[in-house]
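These notes are about the structure you will find just below.
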Amino acid sequence: MVISMSYTFADRCLDSIDELIAGLRSWTASDPTSYFPIASAFDENTLALYSGSLMSVIKLDGYYGEYFPNQFETLLSEGWEQFFRNRMGSNGKGLDILWFYESDHEGIKDTMRDARKPQIDALLQRGIDIEDVLLDEADLYASQCVKETQYLIVITHLSALSKIEQKAARKHRKSSFRKDDRAAGADAIAQSLGYESLHEVHEQHVNSLLVFMSDNTRSEVSRGYLVKRLDAYQALKIIYSTAHPHTFETWEARLQQKDTKPRNLDKIPLKTIQQQYGGKYTPRDFSLLLPPRLSQQMLPSHIKELGKYAILGDRIYAPYFVKELALDPQPVEHLIRQCYQRRLPFRIVYSILGDPTAANSWNINFANIFTFGMVNRQINNAVKALASYVEQGGVQVGYSIAFTTWANLEVNVDLETGKETVNLDTVMRRSRDLETLFQQWGQQQVSNVYGCAAQQALSTCLGYHLPVAAPAAPQTERDVLRQLPISRPVSIWKPQDSMWFRTSTGVLNPYQPFSKKQSSMVAVVLGGMGYGKSNLLSDVNFCLFSNSQNSQVPYLRGLDFGASSTGVIDLMASSLPESQKHQVIFKPFVNDGSMVKNLFDTRLGCRYPLTDHKQFLIGWLQLICEELSTRFGVTHIANVITAAIERMYAETDPRESHLYSRSPFNYAEARGIEGLQEVIEANGIEIDGHTTWWEVVDALIAVGLENDDQKILYIATCLQRLAVPKWDDLCSAVNALSNQFSDLPEVDGKPYISAVSATLTGVSRIFPCFVSRTNFDVSESPVCVFDMTEVYGRGTSNYDLWKRGVVFTVAYRVLCEDLFINRDIANDEMRVNADYLGLSQDLVRYHINFYEKQDSIPKLFWADEVHRLDAASKSGDSQASSSTGRVLSSLCYEGRKFNVGIMLGSQLPQHIPEDILTLLTSLFIFGANQSVELAEAIKDKFGLSEDERDAILRITPPNAVKGAEVFCEHRTRRGTQRLITNFLLGSIKRWAYATEADERALRATLYSRTRPSEARKLLATHVQDLEFAINSIISKEEQETGRLVARDQAIEILAANLLLKQENQRG
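According to this note's numbering, the sequence shown is numbered sequentially starting from 9.
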């Protein structure tokens, strides 16, 4: 295409005027595009500046730890100081590091709600209604949290090269611009401006910083950082976000021809367009097809100065810089905490120049020449002191700080005059507060430059103005490092599908149970009564229950003492559709015969127990015969028990005709199985006087599998309970072994087998909870919690401890029977041993499908008040443990293999078995009851530092504002993090979790009369203090009617009043 046009004298004049105006705007800095430093992308991960310097952006998610005073000093001396001495000062010529930190509480509400939206949507699809709980929690954390972001910019200048290399680099860069075949444009992005010879040095600078920050092996407290180098597109988007915080999500940088569409050429001089066309010449200006300059893409369209304030886009900024560095540098945590308490958004840009000679050089040279005057002498003395410090092994760098706060732009229009005025009240108040706090932070002097606010404001935006518009001065590396945010904690997990905590300065710190970032889930929760331990245990259950990835209710099986978990159980049950409410149960575990679980029950259709079940039975029966095991050794009792188990099952297997002695099937014995006779008759199953129990079971299973009828399979399961052995069969099997084990030692003058038989017979009177047929089932209830209060009692004798150990094992087996299943092992065993077990191929496939499904479902076993379980050693030996402790340790060892999470709660650390400590993946400590002795015990038990012990000691009881303070330790595949956080419960969730008797009574009454979500809203809105509300009703009724109202009646009246308020609101 050829464009024919004449280039007249008028065109030449207009082009010259445009160039003159552009030059003046650039020289006076009134045109922000003139000092935007980034020219283009140099390569995939590097940006090039107009000066030819190279720049990379590193995203810093945080430190695997938190600020603790002593640990901070160690982090400086054993980490950062060494890095600075190796890479900065005389070794840092040409290297600049900009550290960007921002804390912003505005706009976080939508972010928090968005994080819960996938859960809410997924749960609603499954018919689960807990949206009110999740949104209330999101709003609570939004009111107390801030968004904290950190980035590092690494810049390598030409001065990083030797003099000879610098000369060659300039020559090569200059010659590259003369090539005629270079595709360029007068109004397009400037390509390939970076010095090629700087690339290797720049990569060394970037990689040395990344390696240093990622290293978590230098010392116990130098746990490393979570860092990531951004590619060119990601880096520009992050840079753009700091100047356009509300619109950056949809913005993308245009760096190459493929990123843009043809555009108009209004800004290209007519002379350039005229000269590039005609005849045989190839076009030299490709602005039509190339992306516009980055300054045009990235600068806010609305930039305006208002004295010392600047408007950038939809915000108004109050920029400052530090004109005199701190006399007493302090950790930035002090400043951050003060700003957080005032809900003050702010941003800091630290500029660290590897070569300090360029910092404050004019003043230093002037003072060196004109030595008179106090100020000049002070400068000379400071220079000499720094030189002496460097000679002694220290490092000095150039250092400056720019900072700002802001407010959303609010423009008021006078309706009469049409005049627009900007509301400065908020930004003025915030700027005064921030200026005061900065001056107090280490005694430093701050200032701003009236009339250059836009340039200063852009300096506080990441990469928009280089160097930063703040005076740099020489400073020691230690004083610089003390002010950097080097110990801001990382948030390891994303907020989606996580439990939420916040740090003391408002940073959201989620925790995700069952995360792939940890090798397994073994969590311990410590805390005294009223400190929040039980609420956290409940919240872990709720988090797993409400996970958006669930396709069904997860397995959450627990042991509790008291009603501390009834709240979350009620919440889960009430949220489910009516047809699924049976999947969540809470019930007391009793030992009175009304609740029986025959531990000899086998998998559907199996004549014999699987290997893991058999091993459990051997261990459990050894515990029952603990006295014999202690006196005569484990080997004898183990051999007897193993032989007895094998014989017992053989005696109930019709295929073992020489041992089988069971009576034939009869309806009378099976009369308690609802629907059995109807199913048998409807499906033509023939029954005669010789039909065995297993034959009927097999027939029912075949019908159920053929018709995919779960009801028939359940009837088969119930009938199978009459076919498997019971406790009397075990005793008979033991007695039948007297000849086989006649050579064993006598026990108090009696044969060994007789002693075993007497022990087992006596047990049948002590433990009615397992000696007869199973009469209850939790297999249909994935969420099941047993209250162990009644069955455990309070006795402290050896007999009581032994009895509790046996009961615990029974309860554990009932809860964990469907949890500790290894899909591969179980599948292989059933395939190989199908004939021995008595399984058809259809039934094998049914079990395999069950195991496949089971393997993908989250499974958790938890126990609260472990000190009541007697898990610690009876002798007090810290290296030993009770039978319960050994079971808990075994669960922790096997949890990873079986994909089961383990969580234990206790009031005292000494009740956590020692074996578990090495397996821990997460630890939560809700203080030490403000006891020095307990804090010291926790420190010794878990290997904490003195800093961490002191932090735990300072934890006080929770309140509605701060929530519960909790020390957290998370051991991840990347590293270990320890920090103090706050665990918050919104008013709706507090009522949902409430466990006091009156609270449960009121909640249950409202749940039964209105939707649970509406009931929780009524309680959260109108009942802040239940005790006060009840007493007010009692007092009012007595005054008005003269009768004394009981508490349960007062609760009923209160419920009626709340429902009336609901009706009035609807009306």
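Yeah, the Cβ is synthetic: ideal placement off N, Cα and C, and Gly gets one too.
With a cut-off of 8 Å, do at least 3 Cβ pairs link the segment 107 to 116 to the segment 340 to 358?
yes
Any idea what DSSP makes of S495, helix, strand or coil?
coil
With a 10 Å radius around its C-beta and 16 neighbouring C-beta atoms as the bar for buried, classify T255 as buried or exposed.
exposed
Can you tell me which of P1020, R876 and H180 puts its alpha carbon nearest to the alpha carbon of W999?
P1020
Range of the contiguous beta strand (DSSP E) that encloses H978
A972 to R979
Quick one: give me the first and last residue of the alpha helix (DSSP H) that W999 is part of.
S995 to Y1001
What first and last residue would you give for the beta strand (DSSP E) that runs through P327?
R323 to E332
Residues near F76 by beta carbon distance below 6 Å, same chain, minus five either side:
D955
For D223, which residues of its own chain have a beta-carbon under 6 Å away from its beta-carbon, when the five flanking residues on both sides are left out?
G232
Starting from C792, trace the beta strand (DSSP E) both ways and give me its first and last residue.
V791 to D795
Can you find the residues in the same chain that come closer than 8 Å, C-beta to C-beta, to E139, ignoring five residues on each side of it along the sequence?
I128, L131, L132 and S1021
Return the chain-ordered list of same chain residues with a C-beta closer than 7 Å to the C-beta of P339, the five sequence neighbours on each side being excluded.
Y75, F80 and R490
Per the contact definition of three or more C-beta pairs closer than 8 Å, is the segment 564 to 575 in contact with the segment 542 to 550?
yes
Residues near H1079 in its chain [Cβ-Cβ closer than 6 Å; skip 5 each side]
It is not possible to answer for residue 1079, since the shown part of the chain is limited to 9 through 1075.
What does the alpha-carbon distance come out to for the pair R124 and S506?
9 Å
Can you give me the Cβ contacts of S582 inside the same chain, cut-off strictly under 7 Å, excluding the 5 residues immediately before and after it?
Y1015 and P1020
Member of A240, Q212, Y203 and K589 whose CA lies at the smallest distance from the CA of E52
A240
Tell me whether W414 sits in a helix, a strand or coil according to DSSP, three-state version.
strand
4 or more residues per run - each alpha helix (DSSP H) lying fully within the segment 715 to 783
718 to 728, 735 to 743 and 760 to 774
Suppose contacts are defined by Cβ-Cβ distances below 8 Å. Is F784 in contact with M603 by that definition?
yes
Buried or exposed, going by whether 16 or more other CB atoms sit within 10 Å of the CB of T484?
buried
What number of angstroms, rounded off, separates the C-alpha of C153 from the C-alpha of T258?
25 Å
Going by Cα to Cα distance, which pick from T660, V598 and A1063 is closest to E1104?
Residue 1104 lies beyond the range of the chain shown here (9 to 1075); nothing can be said about it.
Coil, strand or helix - V403 by DSSP
coil
Identify every residue that forms a DSSP beta bridge with R510.
L516 and N990
Quick check: D872 and T892, are their CB atoms within less than 8 Å of each other?
no
Member of C347, R262, K269 and A251 whose CA lies at the smallest distance from the CA of I311:
A251
Assuming F794 and K949 make a contact with CB atoms under 8 Å, what is their CB distance in whole Å?
28 Å between Cβ atoms; not a contact.
Using a Cβ distance threshold of 8 Å, determine whether the segment 527 to 540 contacts the segment 910 to 920, with at least three qualifying pairs required.
yes
Close Cβ partners of F329 (< 6 Å) along its chain, the five nearest in sequence each way excluded:
A410 and A478
Using a Cβ-Cβ cut-off of 7 Å (strictly less than) and excluding sequence neighbours within five positions of F640, which residues of its own chain qualify?
P753
Between the alpha carbons of R190 and S200, how many angstroms are there, rounded?
Unreliable placement is indicated for R190, whose pLDDT of 47 sits below 50; the coordinate value is still reported in the next sentence. Taking the straight line joining both Cα atoms gives about 10 Å.
Distance check for A1037 and V1053, CA to CA, integer angstroms please.
13 Å
Output the distance between the C-alpha atoms of I761 and V791, rounded to the nearest integer angstrom.
41 Å
Could you give the uninterrupted runs of the beta strand (DSSP E) lying entirely in the segment 858 to 939, keeping only those of 3 residues or more?
867 to 871, 909 to 914 and 930 to 934
Would I988 and S512 qualify as a contact pair, given that the criterion is a beta-carbon distance under 8 Å?
yes
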